Structure formats: structure tokens, C-alpha cells
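**Q**
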Amino acid sequence: MVTTTGSTNQHGLLTAQEMAQFVLDGYIEMDEPVPDELNAEVKNDAANQPKDARWTGLDLNAFWDHSEAVKEVHKLPQFQRILKGLMGAEPIQNHSWLHITPGGHRVAQQWHVDQDRTSVQLIGNEPWDFDILTLYFPHDVPREMGPTLILPGSHLRSVSGRDLGRYKNFSGQKHLSGPGGRIIFSHSLLWHCAQPNRSNESRYMFKIRYNPSQQQQGLFETTAPDDPDIDQYFRKNIGRHAWLTADNNTVAGRVREWWAYTNRQGASSPKH
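Residue numbers for the sequence shown follow the numbering used here, beginning at 610 and rising by one.
1. Spell out the partners DSSP gives K816 in its beta bridges.
2. Does the beta-carbon of A656 have 16 or more other beta-carbons within 10 angstroms, so that it is buried, or is it exposed?
3. For I637 versus F794, is the C-beta distance shorter than 7 Å?
4. With P761 and K783 assumed to form a contact (beta carbons below 8 Å), what rounded beta-carbon distance in angstroms separates them?
5. Using the rule of at least 16 other Cβ atoms within 10 Å of the residue's Cβ for burial, across every protein chain shown, is P756 buried or exposed?
6. G712 to Y813, Cα distance in whole Å?
7. Out of V679, P805 and I741, which one is the CA nearest neighbour of V643?
8. Under the rule that 16 or more other beta-carbon atoms within 10 Å means buried, what is R804, buried or exposed?
9. If you follow the beta strand (DSSP E) that L758 is part of, which residue opens it and which one closes it?
10. Could you tell me if S780 is buried or exposed, where buried requires 16 or more neighbouring beta carbons within 10 angstroms of its beta carbon?
11. Are the beta-carbon atoms belonging to D740 and N846 less than 7 Å from one another?
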């Protein structure tokens, strides 16, 4: 699991090493968890939510509007540091969604990316803009509860969105099980799917989709184009996603192009 542990400018800028990890893996986890007291408030609000917005489809932001505690979670400095390092100074909250999976729910989702995109292709995007999804777990989620399954590196693969559902298991897939208070920042094209909840308790996960507020260049602690540490990091790790091995040369090219784009100062004005 990639976390932001080791950052030298906590609550400041996202580091170049952290951004390089995000480019390669497609996700990063906040290393300083949400305080227990705040988690308990969010879980209580979720348990007393009149109706999960997922089932009505009428108000995706229903829980955000309902819970002051969940708003406080997303104001935390350790959250804002990563968010702004990926999205810019004024991130745009596209929508939010409370996922409630009752105990005993035995059905898993198919692999997918959100918003029913039928063409999933990173290469060729001009510029290399991306959205992110934040996944917040306000309580402990052991493996028996699922929860979400992700496929690191899948954001770099050019596929048709309609084809994702035919896949089952991959070498290197990751279950996001773990203690409560964790928030994962995921590239919007990272493949993911909710897993069955085999426990007797409901599973809660709160997700927000963010859009960038500006060109995603120079938003983190940038480094020299020929930084030997970053170069060595990519050379050493480009093949660590076993399921991508056949496409290593193509993926390596995409990683280098994306890094060259994001690791330079760009336009700082917000998008309109």
C-alpha cells in the first residue's frame, strides 16, 4: 500500500516522490488517519442517514449535505495537502456518494471506472488532465467486509470501458481493507470494484469525485527533469505490476511522458 509516509513537508506540498508513486500506481493513501472521534461521528451520521442516496439516484450529495462531520474530515490539513497537490489550489467537487453495503451482501461489483466511460485511455489526453476519487472508510474494514478492490497501474492501460467487466482476478490486485480513518486518493481511470460484505455489520464508504481547477503541472514539489532519484525510481519499479508485464515498454513511455508534463510549471489560473 503506497502512503505518504516520509514526507518532509507534511501539510505543505506533495513531494516529487509521492507524485511519482501516484503516476506509477494510480493511487496514494493519506498516512495520517482521520481522528477516531471524527470517524465515530461520521459513522453515526451514516447509520442514521434516512436513505442511501445510492438507491434513489436523485441527490448524490445527500450525505454531504446531511453530515457536518464528513465536511470536517475533508477540511483536515493532511487531506488538503494531497488533494491540492493533485487537483490544484481550488479543487472542484464534482459529486459525492455514500456507499452502504449491508452485512451478508454476497454480490461483488464488476471491474469498472466511474461515470460509465466507454473509452478508457490515458495516452493521448491533451493535456494530461485527470480527475480523482477519494475513498474514505470511517471504521475498520477487515477483509471479510470486502471492501473495495483496486488494480494498481490499471490507469495506464488503454482499454474499452465495456470490456472491464469480463475480467475476474489479477496478480497484484489490492483489497483496501484496514483500520478506520483511511482515505485513498485514486486516479479516476483506476479499475476498481466493491467486494462482498461477509460480516454481520454494514460497511460504509464515502466517495467524492474531484475535477482539477487548473492545469495539473507544477502542483507539487517539482524536481529537475533529470533528477537521478526519480529516474532510478521509475527504472526500478516500472515492472512491478505483474499483470502489465507484456506492455512494459508502452507503459514506461506513458509514465515518462506524463511525468515530463506534470513535473514542470504550468498555467496557475483556475479553469472556467
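Quick reminder that beta carbons are idealized off the backbone N, C-alpha and C, glycines included.
Just so you know, these numbers come straight off a predicted model, no measurement behind them.
**A** On the basis of the supplied data:
1. Here residue 816 refers to the residue found at position 207 when the sequence shown is read from its first residue. The partner list for K816 (beta bridge, DSSP) reads W706 and L744.
2. Mapped onto the sequence shown, residue 656 falls at position 47. Exposed.
3. As a first step, residue 637 must be located in the sequence shown, where it is residue number 28. As a first step, residue 794 must be located in the sequence shown, where it is residue number 185. Taking 7 Å as the Cβ cut-off, I637 and F794 qualify as a contacting pair.
4. Here the question's residue 761 lines up with position 152 in the sequence shown. Here the question's residue 783 lines up with position 174 in the sequence shown. At roughly 6 Å, the Cβ-Cβ gap stays under 8 Å, so P761 and K783 are in contact.
5. On the sequence shown, position 147 is the one that residue 756 refers to. That one is buried.
6. On the sequence shown, residue 712 is found 103 positions in, with the first residue counted as 1. On the sequence shown, residue 813 is found 204 positions in, with the first residue counted as 1. Rounded to whole angstroms, G712 and Y813 show a C-alpha spacing of 11 Å.
7. Locating residue 643 in the sequence shown gives position 34, where the first residue counts as 1. For the options V679, P805 and I741, the alpha carbon positioned closest to that of V643 is the one of V679.
8. As a first step, residue 804 must be located in the sequence shown, where it is residue number 195. In the sequence under discussion, the amino acid at residue 804 is Gln, which differs from the Arg named in the question. Q804 comes out buried.
9. In the sequence shown, the residue the question calls residue 758 occupies position 149. Per DSSP, L758 belongs to the beta strand (DSSP E) from T757 to I759.
10. As a position in the sequence shown, residue 780 is number 171, starting the count at 1. That one is exposed.
11. Translated into the one-based positions of the sequence shown, residue 740 becomes position 131. Translated into the one-based positions of the sequence shown, residue 846 becomes position 237. Going by C-beta atoms, D740 is not nearer than 7 Å to N846.
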